[in-house]
Amino acid sequence: MRSRLHRSGFLHTASLARVNATCRPEECVPEELRQYARAGEDIRHASFHRIVVSTCSSAGMFYQIGLRVGHFTHVFVDEAGQATEPESLIPLSLLSETSGQMVLAGDPKQLGPVVKSKLAAVFGLGVSLLDETDGNTALQLRRERIQPPAGDEAGV
Numbered sequence: 001m002r003s004r005l006h007r008s009g010f011l012h013t014a015s016l017a018r019v020n021a022t023c024r025p026e027e028c029v030p031e032e033l034r035q036y037a038r039a040g041e042d043i044r045h046a047s048f049h050r051i052v053v054s055t056c057s058s059a060g061m062f063y064q065i066g067l068r069v070g071h072f073t074h075v076f077v078d079e080a081g082q083a084t085e086p087e088s089l090i091p092l093s094l095l096s097e098t099s100g101q102m103v104l105a106g107d108p109k110q111l112g113p114v115v116k117s118k119l120a121a122v123f124g125l126g127v128s129l130l131d132e133t134d135g136n137t138a139l140q141l142r143r144e145r146i147q148p149p150a151g152d153e154a155g156v
């Protein structure tokens, strides 16, 4: 996602920040994207960019600097079918409760979340938030922007 945003030419370093895990070596970040990379004390600075790209887990660093519900107006979770429900809730919990919008992008029929703990799997933590919303046809149509099945006049 961050590569596409960079190549679009519509953004500059003041608009986009990529929050990297503190354990990720800088040399693992592609050269053209290093200008957007933030870690450590740069997290607070990154939180004020127009677009912040992060893994679900790394979004937890925003809690460490004191950000709470309502900081972000939009949250896009890419590959949401591969994230466990608790992982997806980390960035979503920073979303505005009154006007926030979330987008869960991904294919729930592909690789699902990887849960190594048998106990966690028994308690349902091997399910993605995308899987949880899959039964809601109106939400699914809106999310995927597809036509309703033949004979269905939902028109969402």
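In full-length UniProt numbering, the protein residues as written are 1 to 156. Even for Gly, the Cβ is constructed at its ideal location relative to N, Cα and C.
Worksheet item: Nearest CA to the CA of residue 103: which residue from 88, 114 and 109?
Response: 88
Worksheet item: Does DSSP put residue 62 in a helix, in a strand, or in coil?
Response: helix
Practice prompt. To the nearest angstrom, report how far apart residue 29 and residue 61 are at their CA atoms.
Written response: 19 Å
Fill in: Neighbourhood of residue 132 by C-beta, 7 Å cutoff - its chain only, sequence neighbours within 5 removed
85
Worksheet item: Straight-line CA distance for residue 14 to residue 100?
Response: 22 Å
Worksheet entry | Per DSSP, the bridge partner or partners of residue 104 | 77
Worksheet item: So, are the CB atoms of residue 38 and residue 46 less than 8 Å apart?
Response: yes
Discussion item. Closest to residue 19 by C-alpha separation, out of 75, 36 and 78, would be which residue?
Written reply: 36
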